[in-house]
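Working notes, beginning with the structure itself.
Protein chains: 2
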Amino acid sequence: MATLKDISKATGFSVTTVSRALNGYDDVNKKTRDKIMTIAKELGYSPNILARSLVKKQSKTIGFLVTDLKRESAKDNFMFETLCGVSDELSDLDYEFVLLSTTTSKQKNKTYGQMCAERQLDGVVIQGLKRDDPYLLEAIESTVPCVLVDIPVEGVNTGYVTSNQLESAKQAVRYLIRLGHRDIAFMNGSAHAYVSMVRYDAYRQVLQESKVDFREDYVLNGDFEELASKESALSFLLNHPEVTAFFCASDVMALGVLQATRELGLNVPEDLSIIGFDNILLSQYVSPPLTTVAQQPYEMGRKAASMIVHIVEGQDAPHEAFVNNQLILRESVAKNRR
Amino acid sequence: MATLKDISKATGFSVTTVSRALNGYDDVNKKTRDKIMTIAKELGYSPNILARSLVKKQSKTIGFLVTDLKRESAKDNFMFETLCGVSDELSDLDYEFVLLSTTTSKQKNKTYGQMCAERQLDGVVIQGLKRDDPYLLEAIESTVPCVLVDIPVEGVNTGYVTSNQLESAKQAVRYLIRLGHRDIAFMNGSAHAYVSMVRYDAYRQVLQESKVDFREDYVLNGDFEELASKESALSFLLNHPEVTAFFCASDVMALGVLQATRELGLNVPEDLSIIGFDNILLSQYVSPPLTTVAQQPYEMGRKAASMIVHIVEGQDAPHEAFVNNQLILRESVAKNRR
DNA sequence: CTGTTAGCGCCTTCAA
DNA sequence: TTGAAGGCGCTAACAG
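As structure tokens, this is what we get:
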């Protein structure tokens, strides 16, 4: 591969001049520049990023750190879509992109700081770290900037991008209210998950603002699983024929509720309206297609990438960004006709 | 971040000695080594890979080149799973991994060789290039080794990993034949994709060996897209009520055909049998669950990564590897009762 | 066993 | 407007 030296020899100019010409400095004679440019093109010159990074102390590469990238995560393509967004944006911004997949055990062999230093990463986008992952704290305290996806933490060179979790969940419940539903059950996920809490809050808040009594026994736990959700919904619906709508903290659980209705001979949405959360691919294929709240991981990826580059380049841009979730109206919800 | 120099100062040994101690050369006094090791650990030293790569002329990083990494490809997570396989294997082998996403237009700005040279990539794993992509030829002729996924090309420092594409596709068509189908349509993907050709060949060969006439007009083009496939199948099925089965070059297109049948009020599999290809997650959830040919992209990714590292390190290992596809019988196929 | 010297390819002073 | 010198952090060849 051609180097500056090669071009220097071929043109007769010094390496320094060649470097400046190629990097667009204006203290180079136009003729000189043209000649250098021409030869450079002929030789198929491309700067060696490693060498450049070494001296400039910045690599123009961003790491995308995920925990346990493995086959299983293919199921919800949330991570993949985020990755696509990050990749596209970084590519537009002319940054490189290395994928850093780590496991809890690996984090003991190499610190976060070392990982960044080795590659001289300019910044890192982080997704899906557990709250107790050692890397999380290291990342926040590290001098190399990072942007977190869906983990709201602020710091000097730390940013995050997340979605309007609460608002969008409220929107979903309000939609049911507006259609005349009053007896609305809530299928919650794991009580320990952050998103569960938020969606639960949304549920309660909307009931309150709508002057609908909150009933403890209308809140079920499906543990984010289809089967658990189905079982739970089955017995519940038997005991509560007055319930006309279900808000579920995830699509998977909504599918469980849907199954329960089938077994009970109920029609969706005539007898029971169902709203899910996530807009998983499947949700548009089931029958009836599921009304649900869609997240936009691709957008989040793009914003995260854009933000990390801004921070890295020292531009003072906001250190937080939000992507709007969207309520997607399909056919699992109808007016309450009782 | 600590450098060799820092350790050198802290220990009093020269940079060279420190380097050798840390890299496990045995011409270093045990005491010296211990001291150096200790200080290195204290200082949290991690070698600067960029600097090392620069002098060693090898970066210990492999590129994963894909065309058009974009949201749409999330539907069939083939690419993602391959990526996971590559990532996991490379991580085991202690190699780094950069994602190179390119589009046909981008390929004009920067040659393949330049792309590799910039990062001093040791090797590249390539997936999803079209046959007429400029990068493909460049890659094969390039001095930097590459391994292709699903594109069988051999060369000195070129290898490939693929599955028994032809055999498994033939198996699928034979299955239809055995169930009595004779009027079998074929939904093909992009004509430029290698896999399309192979599946097309399989289709033709089985027809021939079964003494079933091949009909040009039974071959449709769904461009690997659901919508295109649906549209195409719609008008086709209207004009060809005699057709009893569809072999599709991808599950996504099979879903398109499935949709078409719904619009036409046809029952699957009673009125029309459908076989897909890929075994995407969705295929087991649609109704009826799709009979399809399963690939193992994760395995292919691992093998590709392992192969590229072997080639890079000059070990003489085979330059081809195969992963077996499997025909998965579900409910979208039935006996021909006409 | 250890240190000196040299250089990977590039960029950034500083002189000319 | 151009060039020479120096150095980023690391390794390799050669002495001692």
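Going line by line, the protein sequences match chains G and X.
For the first sequence, this note's numbering assigns the number 4 to the initial residue and increments by one for each residue that follows.
For the second sequence, this note's numbering assigns the number 4 to the initial residue and increments by one for each residue that follows.
Positions of the beta carbon are idealized from the N, C-alpha and C atoms, including for glycine.
Note that the structure is predicted; figures quoted are calculated from it, not measured.
Beta-carbon proximity of residue i to residue j, cut-off 8 Å
i	j	result
X/R67	G/V101	A small correction: the amino acid at residue 67 of chain X is Phe; Arg does not occupy that position in the sequence shown. In this structure, G/V101 does not lie closer than 8 Å to X/F67 by Cβ.
G/K173	G/Q123	no
G/S335	G/P300	no
X/V246	X/A205	no
G/N242	G/S235	no
G/V31	G/S166	no
G/R1	G/D91	Nothing about residue 1 of chain G can be read from this structure; chain G reaches only from 4 to 341.
G/Y288	X/V289	yes
G/T106	G/Y138	no
X/D136	X/T70	yes
X/I154	X/L132	yes
X/S1	X/M190	In the structure displayed, chain X extends from 4 to 341; residue 1 of chain X sits before or after that span and is not available.
G/A307	G/V128	yes
G/L267	G/G279	no
X/D125	X/V315	yes
Inter-residue CB distance, residue i and residue j (contact presumed, cutoff 8 Å)
i	j	result
G/I277	G/V260	6 Å
X/A24	X/I39	4 Å
X/N344	X/L182	Limits of chain X in this structure are 4 at one end and 341 at the other, which puts residue 344 of chain X out of reach.
X/A324	X/M310	6 Å
G/Y48	G/A5	4 Å
X/Y115	X/A142	6 Å
G/L86	X/A54	So it is not a contact: roughly 29 Å between Cβ atoms.
G/D281	G/T295	7 Å
X/A252	X/R202	5 Å
X/F227	X/S193	6 Å
Contact list for residue i against chain G, beta-carbon separation under 9 Å
i	result
X/T295	By Cβ distance, chain G contributes nothing, its closest Cβ being about 15 Å from X/T295, past 9 Å.
X/S62	L53
Where the beta strand (DSSP E) containing residue i begins and where it ends
i	result
X/S166	161-166
X/I278	276-281
G/F100	99-105
G/N191	187-191
G/F217	Here G/F217 belongs to no beta strand (DSSP E), and DSSP marks it neither H nor E.
G/D67	The amino acid occupying residue 67 of chain G in the given sequence is Phe; Asp does not appear at that position. Note, G/F67: beta strand (DSSP E), 64-70.
G/A248	248-251
X/V21	That residue, X/V21, is in no beta strand (DSSP E); its alpha helix (DSSP H) goes 18-25.
X/I39	Premise fails: X/I39 lies in the alpha helix (DSSP H), 33-45, not in any beta strand (DSSP E).
G/T294	294-297
G/I331	329-331
X/I129	126-130
G/L151	149-152
Proximal chain X residues relative to residue i, where beta-carbon distance stays under 7 Å
i	result
G/V101	E99, F100, V101
G/M1	Chain G is shown only over 4 to 341; residue 1 of chain G falls outside these bounds and no answer can be derived.
G/M4	A120
Continuous alpha helix (DSSP H) stretch holding residue i: start and end
i	result
X/I10	7-14
X/L285	It is not in any alpha helix (DSSP H) - X/L285 carries neither H nor E in the DSSP assignment.
G/G268	It is not in any alpha helix (DSSP H) - G/G268 carries neither H nor E in the DSSP assignment.
G/A320	No alpha helix (DSSP H) holds G/A320; DSSP gives it neither H nor E.
X/G88	81-95
G/I52	52-59
G/E234	229-242
G/M118	115-122
X/P272	Looking at the DSSP string, X/P272 is not in any alpha helix (DSSP H), and its letter there is neither H nor E.
X/Y138	137-144
Contact set between residue i and chain G, taken where Cβ atoms lie within less than 7 Å
i	result
X/T114	G47
X/S94	S104
Contact list for residue i against chain G, beta-carbon separation under 8 Å
i	result
X/L57	N51, L53, A54, L57
Next item on the list: Residues of the segment 26-54 of chain G with a CB closer than 9 Å to any CB of chain X: list them in chain order, please.
Entry: G47, Y48, S49, P50, N51, I52, L53, A54
Item checked: Under 8 Å (Cβ pairs) to chain G, residues found in the segment 281-309 of chain X -> Cβ contacts with chain G come from L284, L285, Y288, V289, S290, Y301.
Check: Can you list, in chain order, the residues of the segment 118-141 of chain X whose Cβ is nearer than 7 Å to any Cβ on chain G?
Finding: Identification of residues in the segment 118-141 of chain X having a C-beta nearer than 7 Å to some C-beta of chain G yields A120, E121, R122, Q123, given in sequence order.
Notebook entry, point to check: Which residues, in order along the segment 8-27 of chain G, keep a beta-carbon less than 8 Å from a beta-carbon of chain X?
Noted result: none
Note to self: Beta carbons nearer than 7 Å to chain G: which residues of the segment 312-335 of chain X have them?
What the structure shows: none
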